[in-house]
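Worksheet: one structure, shown below.
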Amino acid sequence: MFVSPDGSVANDGTEAAPYRSIQRALTEAEPGDTVYVKPGEYAERIEPPRGGEPDAPITITGPPDAVLKSDPEAYNVVIIRHSHVHVTGLTIDGLENPDAPDDVESYSRAQLVQLRPPVSTDAYLEDVVVSPHRIGNTQKSLVSVERSKHVEVGPFRVIGPAGTKYLLTDEHGHNGEFVYIGTSPSNLGTDWHPWTAYDETSDVHVHHIDNSEGYGHSELANTKLGTRDVLVEYCTDGGGSQNTEDTPAASVRFQSFDATVRWCDLRNGKGRGVEVGSYKSRDAQDESAEPSAIERRGGTDNAVYGNRLSGFDDAAVAYPVERQTQADQRYVCGNDVDGETDGDPTGACPADVPDGDGVGHRGGESPRREES
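Anchor point for the sequence shown: position 328 equals 328 in the UniProt record's numbering, and the numbering is continuous, going up by one each time.
Right, dumping it as structure tokens:
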């Protein structure tokens with residue numbers, strides 16, 4: 001079915017008679033359907049009322065000049081509450097007032113894309129793809145992935161900052177990731193996150209994110225305690241990683257286990273390049289005679305290899321938590337480092353560590369990397 005700025009809510013969604021709103025099309029979409037969004041601007045929040053099925057996702061797609069804008073009256077731009085939903089095109093832009101880019105109130109108040117199942121279920125979302133052509137401009141995170149499995153984030157080009165709530169004010173904080181994965185243990189059991197168990201989001205593939213322009217943010221990717229099996233590869237962070245807290249920022253932060261960052265070009269951040277460590281894990285071990293497997297493994301069994309790291313104010317690779325050092329990781333090797341660092345991230349890799357195809361968002365295989 002089709003959507004166009006020249007369409008109508010009364011149309012039937014055909015190419016000759018498109019809908020006016022993306023949400024209107026989604027109310028009709030069934031498993032296996034694709035919503036094609038034509039060039040133009042659409043100021044609305046979209047939330048598919050149902051999901052697809054394995055091998056029959058609901059897909060939302062469009063060219064780069066089909067722009068989904070933040071609605072100042074709504075919270076979030078895209079909310080995904082169901083499995084088998086793929087966003088594989090469009091530009092997602094949270095800048096509500098382009099005439100005042102230095103005013104924090106000109107930006108969306110929330111995560112631009114949020115993945116989180118309904119609070120009525122303990123089931124995790126599965127098979128979700130967040131791959132817009134371009135995305136940027138928000139007071140918080142660009143993409144938030146909570147209680148989800150088998151997720152792909154990327155490729156996309158960053159077109160504006162994340163975390164302007166802190167970048168443009170004196171407010172203390174750091175909630176401004178490009179990709180936020182999991183849930184902070186501090187938020188478990190709250191009004192907005194009623195689940196009390198650790199968020200075990202897993203099998204998340206973050207790839208070909210292009211922030212070569214160096215737009216401000218806290219982390220390119222941040223994994224919370226409880227998450228595992230996260231792969232971050234072929235990304236470019238050309239600068240801008242920062243926060244307003246007392247602890248250093250990091251371009252990539254792993255508080256999880258079994259996470260990997262490889263073949264990324266990370267540079268010029270106001271803090272660290274890659275930080276591996278979980279204070280929450282350490283504290284849980286200190287406070288409990290029988291910490292859980294999640295609490296024992298946080299900040300360990302991760303891999304950092306084949307990256308180019310340069311120009312950071314602090315260590316290129318850092319392990320701020322005792323008992324979670326380089327020796328506690330799977331692989332830390334083969335990185336090209338310019339600047340100070342903890343441990344030795346530049347040593348030769350074992351034979352079973354794969355070789356990459358270049359470094360940064362133009363490396364590897366991305367279906368749209370040439371467009372960025």
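Glycine is no exception: its CB is placed at the ideal position from the N, C-alpha and C atoms. All figures in this text were calculated on a predicted structure; none of them were measured in a lab.
Just to confirm, are residue i and residue j a CB contact at a threshold of 8 Å?
i: L231; j: V252; result: no
i: D210; j: F257; result: no
i: G273; j: Q255; result: no
i: residue 374; j: G173; result: The displayed coordinates of the chain run from 1 to 372. Any statement about residue 374 would go beyond what the structure contains.
i: G356; j: N335; result: no
i: F178; j: V145; result: no
i: Y319; j: T325; result: yes
i: H84; j: E53; result: yes
i: E233; j: C264; result: yes
i: R323; j: R267; result: no
i: I80; j: L26; result: no
i: S186; j: T227; result: no
i: A348; j: C333; result: yes
i: G311; j: G339; result: yes
i: D65; j: P39; result: yes
Of all the CB atoms in chain B, is at least one closer than 8 Å to the CB of residue i?
i: I209; result: The displayed structure is made up of one protein chain only, and chain B is not part of it.
For residue i, which three-state DSSP category applies?
i: A100; result: coil
i: K280; result: helix
i: Q326; result: helix
i: E126; result: strand
i: A221; result: strand
i: R134; result: strand
i: L231; result: strand
i: K69; result: strand
i: E287; result: helix
i: E275; result: strand
i: S141; result: coil
i: E177; result: coil
i: N11; result: coil
i: N187; result: helix
i: E53; result: strand
i: E171; result: coil
i: E105; result: helix
i: F312; result: coil
i: I159; result: coil
i: S4; result: coil
i: E340; result: coil
i: P120; result: Here residue 120 turns out to be Ser, not Pro, going by the sequence shown. Three-state DSSP puts S120 in coil, outside helix and strand.
Distance check for residue j and residue i, CA to CA, integer angstroms please.
i: residue 378; j: R45; result: This structure gives no information on residue 378, because the portion of the chain shown stretches from 1 to 372.
i: T183; j: A16; result: 44 Å
i: Y19; j: P63; result: 17 Å
i: S31; j: F2; result: According to the sequence displayed, residue 31 carries Pro and not Ser. Computed Cα separation, rounded: 16 Å.
i: N97; j: D313; result: 33 Å
i: R147; j: D127; result: 12 Å
i: G240; j: T138; result: 15 Å
i: I22; j: E41; result: 11 Å
i: P291; j: L95; result: 44 Å
i: D237; j: L220; result: 7 Å
i: T169; j: E295; result: 35 Å
i: S372; j: H208; result: Below a pLDDT of 50, predicted positions are generally treated as unreliable, and S372, at 44, falls in that range; the measurement from the model is reported next regardless. Their Cα atoms are separated by approximately 10 Å.
i: A29; j: H133; result: 22 Å
i: V359; j: L309; result: 11 Å
i: S106; j: S70; result: 10 Å
i: T59; j: Y124; result: 19 Å
i: E370; j: V77; result: With a pLDDT of 49 at E370, under the threshold of 50, the modelled position of this residue cannot be trusted, and the question is left open.
i: I135; j: Q111; result: 11 Å
i: A43; j: G269; result: 33 Å
i: E152; j: P118; result: 20 Å
i: D328; j: V321; result: 11 Å
i: T260; j: L225; result: 15 Å
i: A249; j: Y215; result: 14 Å
i: C235; j: A74; result: 31 Å
i: D103; j: R109; result: 12 Å
i: D55; j: P49; result: 19 Å
i: G363; j: A289; result: 46 Å
Report the CB separation of residue i from residue j in whole angstroms; it is logged as a contact under 8 Å.
i: V67; j: T34; result: Not confirmed; about 19 Å, so no contact.
i: H217; j: G163; result: 6 Å
i: V158; j: V130; result: Not a contact, Cβ separation roughly 13 Å.
i: R24; j: V9; result: 6 Å
i: V337; j: P345; result: 6 Å
i: A303; j: T341; result: A303 to T341, Cβ: 16 Å. No contact.
i: Y180; j: N222; result: 6 Å
List the endpoints of the continuous beta strand (DSSP E) containing residue i.
i: A38; result: It is worth fixing the name first, because residue 38 is Lys in this sequence and not Ala. No beta strand (DSSP E) holds K38; DSSP gives it neither H nor E.
i: Q114; result: V113 to L115
i: Y331; result: Y331 to C333
i: Y305; result: A303 to Y305
i: V261; result: F257 to R262
i: K270; result: From DSSP, K270 is part of no beta strand (DSSP E); its letter is neither H nor E.
Considering residue i, what are the terminal residues of the alpha helix (DSSP H) in which it resides?
i: A293; result: A293 to R297
i: A25; result: I22 to E28
i: K165; result: T164 to L167
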